[in-house]
Amino acid sequence: MFGPPSDSALVRRYYLYRATLSVGFITPIFTLFLLRSLTFTQVGALSALYSVLSVIGEVPTGYVGDRLGRRVSLLLSVLFTVGSLAGFIVTEGFFWYMFLYALWALALTFRSGSMDAWLYDTLDERLDTNQFSHVRGRGDAVQSWTAAVSMVGGGLLYGIEPTYPFIVAVTFNSLGFVALLSLPKNRQYAAHSDAEADWLSPLEAISVVRHHLARPPLRSLVLYLGLFYAVVGIANTYVQPMAVETLTPHAARFGIRIPAGGATTAARSGEAGAALALGLGVMYASLTAVASAGGYYAGVIEDRIGVRKAMLAVPTVMAVALVVPLWVALFALPAFAAMRTAKPLVQPIANGYINDHAEEIGRATLLSAVSMFYMTLRAPLALGAGMTADATTATTAIAVLGGLFLAAGGTVWLLGEVAPEAETTVEERSDSPTS
1 MFGPPSDSAL VRRYYLYRAT LSVGFITPIF TLFLLRSLTF TQVGALSALY
51 SVLSVIGEVP TGYVGDRLGR RVSLLLSVLF TVGSLAGFIV TEGFFWYMFL
101 YALWALALTF RSGSMDAWLY DTLDERLDTN QFSHVRGRGD AVQSWTAAVS
151 MVGGGLLYGI EPTYPFIVAV TFNSLGFVAL LSLPKNRQYA AHSDAEADWL
201 SPLEAISVVR HHLARPPLRS LVLYLGLFYA VVGIANTYVQ PMAVETLTPH
251 AARFGIRIPA GGATTAARSG EAGAALALGL GVMYASLTAV ASAGGYYAGV
301 IEDRIGVRKA MLAVPTVMAV ALVVPLWVAL FALPAFAAMR TAKPLVQPIA
351 NGYINDHAEE IGRATLLSAV SMFYMTLRAP LALGAGMTAD ATTATTAIAV
401 LGGLFLAAGG TVWLLGEVAP EAETTVEERS DSPTS
């Protein structure tokens, strides 16, 4: 009765799905919510646990995406996301939060490789894989715009009752089930029965990962990006306490009173905590609206300056921005903007490059293996950042992360060959008369 969606309708449905991934209702208050009962070190330990579990789960869940279909994997991701968010409503304490972080890690791993693999394969079937950075980047922008709208509401709801943002988030993120069911399966899962479809055995999956990641052109790129994603991911955890530390002297000018004693005291206070949450909601919404330009224009940036220059410029600018607030407190706002913009700008370009150098069968497994490597680097950095923040300040911990990336990432760039643009893609190699 109903035919398949048109190409433009299919892209719009993908954007709708990306909108349902937003967790804007909890983003501006999440660290403060945890600090009601935890220390910075415990927050860092949870982040490290999340990273370790993501490492353990990435390749197996990527294999599920390749074996059972990308859409099945994405549906499982929504299920675990909603389950984790619901848990924060009814439980409290470090050990309960460990379990909820485990669910959140599963949600990430079921989505990390399969989402981009589904999009790339769909573009290959219906449109043009050269549009990957454009469509993926604009999907990031839609997700950011949705988050920006919901962040102010999250701050307001937190001021009324700390669990209210989570209740609304559960309802909103559950819409992901509906959005996903409106998307088609990739051709290899829709056109064949389970017995007839091409799929990798576990040993073949390991071989695919080893083949692509142990040699150029992906080896140095994955290491460099792993450092970048680890640093920006951990730094984003400390935006809320860093805002308290750097902007407290200026908050009174806007009628916001923040109690003495730092982020932990602010998180546990009453009226001041409500005012702070609202202020953070407005700040996050503004920064996210600015950051959405990163994803929206990722394809344009790639076309203008190329993959290699984008990989160098964007992470370097962000790392420098993380260091400056240690001496110039008001530079915290530009640093937050750089932090929020950098990843959505880099990720579509980087993932498009990785997809171009991967085969169709095993693509989700490979992308999950790449994410696994990122999380491997993140685990020790997360724990170290938490300990540094407890011993000094959140601002110092973020500055150390920025300096670490400039040193380590610069070394990888100088000694390796990150994203050589003359490298042929899988498709070009398959079209070669010598292949």
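Residue numbering for the sequence shown follows full-length UniProt numbering, beginning at 1 and increasing consecutively.
Where a beta carbon is used, it is the ideal one built from N, C-alpha and C, also for glycine.
Nothing here was measured: the structure is a model prediction, and the numbers come from that model.
Three CB pairs or more closer than 8 Å across the segment 96-110 and the segment 45-57: yes
Proximity winner among Arg340, Gly386, Ile305 and Ala298, relative to Asn351 (alpha-carbon distances): Here residue 351 refers to the residue found at position 351 when the sequence shown is read from its first residue. Per the Cα distances, Ala298.
Determine, using beta carbons only, whether Gly176 and Val55 come nearer to each other than 8 Å. Taking the sequence shown and counting its residues from 1, the one referred to as residue 176 is at position 176. Taking the sequence shown and counting its residues from 1, the one referred to as residue 55 is at position 55. No; because the gap between Cβ atoms is not below 8 Å, this pair is not in contact.
Neighbour-count burial assignment, Ala9, 16 or more Cβ in a 10 Å radius: Indexing the sequence shown from 1 puts residue 9 at position 9. Burial call: exposed.
Sorted by chain position, which residues of the same chain lie with C-beta nearer than 6 Å to Leu34's C-beta, five sequence neighbours on each side aside? On the sequence shown, residue 34 is found 34 positions in, with the first residue counted as 1. Contacts found: Val43.
Three-state secondary structure (DSSP) at residue 438? Because the chain in this structure spans residues 1 to 435, residue 438 falls outside the shown range and cannot be described.
For the alpha helix (DSSP H) holding Phe166, just list the boundary residues, first then last. Translated into the one-based positions of the sequence shown, residue 166 becomes position 166. Start and end: Tyr164 to Asn173.
Rounded C-beta distance between Arg308 and Ser51? I'm assuming under 8 Å. Sequence index remark: in the sequence shown, residue 308 carries index 308 (1-based). Sequence index remark: in the sequence shown, residue 51 carries index 51 (1-based). Not really, about 28 Å apart at Cβ, beyond 8 Å.
For Val152 and Leu333, what's the separation of their Cα atoms in angstroms? For the purposes of this step, residue 152 is identified with residue 152 of the sequence shown, where counting begins at 1. For the purposes of this step, residue 333 is identified with residue 333 of the sequence shown, where counting begins at 1. Their backbone Cα atoms lie some 17 Å apart in a straight line.
Do Tyr229 and Tyr374 come within 8 Å of each other at the CB atom, strictly closer than that value? On the sequence shown, position 374 is the one that residue 374 refers to. On the sequence shown, position 229 is the one that residue 229 refers to. A contact, by the Cβ cut-off of 8 Å.
Lys343 vs Val231 beta-carbon contact at 8 Å: As a first step, residue 343 must be located in the sequence shown, where it is residue number 343. As a first step, residue 231 must be located in the sequence shown, where it is residue number 231. Going by C-beta atoms, Lys343 is not nearer than 8 Å to Val231.
Please list the terminal residues of the continuous alpha helix (DSSP H) segment that includes Ser220. Your numbering for residue 220 matches position 220 in the sequence shown. Looking at the DSSP string, the run of the alpha helix (DSSP H) that includes Ser220 is Leu218 to Thr237.
Residue range of the alpha helix (DSSP H) that Asn351 falls in? Counting from one through the sequence shown, the residue named residue 351 turns up at place 351. Where Asn351 is concerned, the enclosing alpha helix (DSSP H) stretches over Ala332 to Asp356.
For the alpha helix (DSSP H) holding Gln143, just list the boundary residues, first then last. As a first step, residue 143 is located in the sequence shown; it is residue number 143 there, counting from the start. Phe132 to Ile160 is the span of the alpha helix (DSSP H), which, as asked, contains Gln143.
Taking Cβ positions, are Tyr15 and Gly139 nearer each other than 8 Å? Looking up residue 15 in the sequence shown gives position 15. Looking up residue 139 in the sequence shown gives position 139. Yes.
Our contact map puts Met339 next to Met318 with C-beta atoms below 8 Å; I'd like the distance itself, whole angstroms only. For the purposes of this step, residue 339 is taken as residue 339 along the sequence shown, with counting starting at 1. For the purposes of this step, residue 318 is taken as residue 318 along the sequence shown, with counting starting at 1. Rounded, the Cβ-Cβ distance is 6 Å, consistent with contact.
Using only CA atoms, which one of Thr237, Ile29 and Thr411 lies nearest to Ala382? As a first step, residue 382 is located in the sequence shown; it is residue number 382 there, counting from the start. Measuring from the Cα of Ala382, the nearest candidate turns out to be Thr237.
Ends of the alpha helix (DSSP H) at Ile301? Sequence index remark: in the sequence shown, residue 301 carries index 301 (1-based). Counting along the chain, the alpha helix (DSSP H) containing Ile301 begins and ends at Ala298 to Val323.
Just to confirm, is the Cβ distance from Ser150 to Gly306 under 8 Å? On the sequence shown, position 150 is the one that residue 150 refers to. On the sequence shown, position 306 is the one that residue 306 refers to. No, these two residues do not count as a Cβ contact at 8 Å.
Is it buried or exposed, Trp145, if we count other Cβ atoms within 10 angstroms and call 16 or more buried? Indexing the sequence shown from 1 puts residue 145 at position 145. So Trp145 counts as buried.
Let me know if Gly160 comes out buried or exposed under the rule of 16 or more other beta-carbons within 10 Å of its beta-carbon. Counting from one through the sequence shown, the residue named residue 160 turns up at place 160. Before going on, a small fix: residue 160 reads as Ile here, not Gly. Label assigned to Ile160: exposed.
Around the Cβ of Asn355, are there at least 16 other Cβ atoms within 10 angstroms (buried) or fewer (exposed)? By 1-based counting over the sequence shown, the position of residue 355 is 355. Asn355 is buried by the Cβ-count criterion.
Within its chain, find whatever has a CB closer than 7 Å to the CB of Leu326; leave out the 5 residues flanking it on each side and keep chain order. For this step, residue 326 is matched to residue 326 along the sequence shown. For Leu326, where only same-chain residues beyond five positions count, the Cβ hits under 7 Å are Thr395, Thr396 and Ala399.
Arg18 beta carbon less than 8 Å from that of Val142: As a first step, residue 142 must be located in the sequence shown, where it is residue number 142. As a first step, residue 18 must be located in the sequence shown, where it is residue number 18. Cβ atoms of Val142 and Arg18: closer than 8 Å.
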